[in-house]
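Below is one structure, written out as structure tokens; comments come after it.
Numbering (this note's numbering), first residue to last: 0 to 343.
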């Protein structure tokens, strides 16, 4: 049996230069985050919120903060897939919140998807007002972050031609989307109805992203069936939602929801279901634990599944950091790692 450990970890705004004086420096964060990464002993790890960096106003954005964090670890030699700015990978990483997938095994294909499989939903704002005091026209609401797919060659541990598609994603947060004319500051709204609409628009984005992921999953499952083999797929990341929410249920595609038993082989399975309730949380907010970071795998991988761990022993209440002048060097998310044993 060859072990395969798949992990996901939102590193919370990992950057070379802190955004403001409240944020810890990268030098403060590395001694805390590097041991957390090493403890995972991951063969594949999906990372979120990796900020880009560049010197001056010219040139491509690079992932210097990540390079410094993983220097001296096994991850430094891993194969890498990362999101890029716009539609051109040559432009380098985006300024903020990149997705990065690191793999011990070769990455033979990678692609990002941002409204490539599903169009941006349209909505005419209800509470918004433009500069002339009029209600704006209908507009499209895209989302900020793409889905990153990396196809791994697992022939070395799982037999000839065995590949694994890893989807790394970070769904829209529950923070409300800006509504013109309805905000005094970023966190202070003029009316409750304005806040409610912003919150609703964010939910539209989150579900829209999930539908794009589910569309990609359907394509991968159908392509594998045409080629005469089962698909190995892992969806990993910060979904900003629990497994009973609309976005996650859209990705899972449970037969109990759509009622079509012919699609049984296309169901995604949450690895966290084997984690005890008392340990099943990756974010702590106002004293309540929430499981919003997930590893979902195709049904065909369950025969090789062994267990999942959530490393949340030192997780702080992320809401407390905003009540003081300084934030914590660790992430406000706990990492998750799932263990599989493969037949070589």
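Idealized CB from N, CA, C, for every residue including glycine.
Two segments are said to touch when three or more pairs of C-beta atoms, one from each, lie closer than 8 Å; by this definition the segment 247-255 does not touch the segment 148-157. A buried status is given to residue 296, since no fewer than 16 other beta-carbon atoms sit within 10 Å of its beta-carbon. Residue 14 counts as buried, since at least 16 other C-beta atoms from the protein chains shown sit within 10 angstroms of its C-beta. Residue burial annotation: residue 181 is buried, with at least 16 other C-beta atoms found within 10 angstroms of its C-beta. Counting only the Cα atoms, residue 165 lies some 15 Å from residue 292. Contiguous beta strand (DSSP E) elements confined to the segment 181-252 occur at 232-237, taking only those with 3 or more residues.
Residue 310 is positioned such that its CB atom lies no closer than 8 Å to that of residue 339. With 16 or more other CB atoms across the displayed protein chains lying within 10 angstroms of its CB, residue 169 is buried. Runs of the beta strand (DSSP E) lying entirely within the segment 69-131, each at least 3 residues long, are 78-81, 97-102 and 106-112 in chain order.
Rounded to the nearest whole angstrom, the C-alpha separation of residue 187 and residue 177 is 11 Å. A Cβ-Cβ contact shorter than 8 Å links residue 203 with residue 120. Going by beta carbons, residue 212 and residue 234 fall inside the 8 Å limit. When secondary structure is reduced to three states using DSSP, residue 260 falls in the helix class.
Of the residues 68, 193 and 99, the one whose Cα lies closest to the Cα of residue 128 is 193.
In the three-state DSSP reduction, residue 59 falls in the coil class, being neither helix nor strand.
If the five residues before and after residue 0 are omitted, its C-beta is found closer than 6 Å to the C-beta atoms of 340, all from its own chain and listed in chain order.
Excluding residues up to 5 positions away in sequence, 116 and 117 lie with their Cβ nearer than 8 Å to the Cβ of residue 214 in the same chain. A straight line joining the alpha-carbon of residue 54 with that of residue 17 spans about 15 Å.
One alpha carbon belongs to residue 103, the other to residue 39, and they sit about 13 Å apart.
Of the candidates 154, 122, 254 and 312, the residue whose Cα lies closest to the Cα of residue 141 is 122. In the same chain as residue 12, and ignoring 5 residues on each side of it, the C-beta atoms closer than 6 Å to its own belong to 48, in chain order. Taking the Cα positions, residue 206 is about 39 Å away from residue 71. 200 is the residue among 154, 100, 200 and 42 whose C-alpha sits nearest the C-alpha of residue 143. Scanning its chain for C-beta atoms nearer than 7 Å, with the 5 sequence neighbours on each side dropped, one finds around residue 154 the residues 160 and 161, in chain order. Assigned with DSSP and collapsed to three states, residue 11 falls in strand.
For the 8 Å CB-CB criterion, residue 96 and residue 50 form a contact.
DSSP, reduced to helix, strand and coil, places residue 18 outside both helices and strands of the structure shown, so it counts as coil.
Residue 287 is classed as exposed because its beta carbon has fewer than 16 other beta carbons within 10 Å across all chains shown. Between the alpha carbons of residue 328 and residue 22 lies a gap of roughly 8 Å. Our two residues, residue 332 and residue 131, have alpha carbons roughly 42 Å apart in a direct line.
Excluding five sequence positions before and after residue 31, the CB atoms of its chain that fall closer than 7 Å to its own CB belong to 328 and 329, given in chain order.
Exposure of residue 312 is indicated by the presence of fewer than 16 other C-beta atoms within 10 angstroms of its C-beta. In the DSSP annotation of this structure, the continuous segment of the alpha helix (DSSP H) that includes residue 25 starts and ends at 25-39.
Using a Cβ distance threshold of 8 Å, residue 111 and residue 82 count as a contacting pair. In the structure shown, residue 265 falls within a helical segment according to DSSP collapsed to helix, strand and coil. Ranking 298, 239, 314 and 262 by CA distance to the CA of residue 163 puts 298 first.
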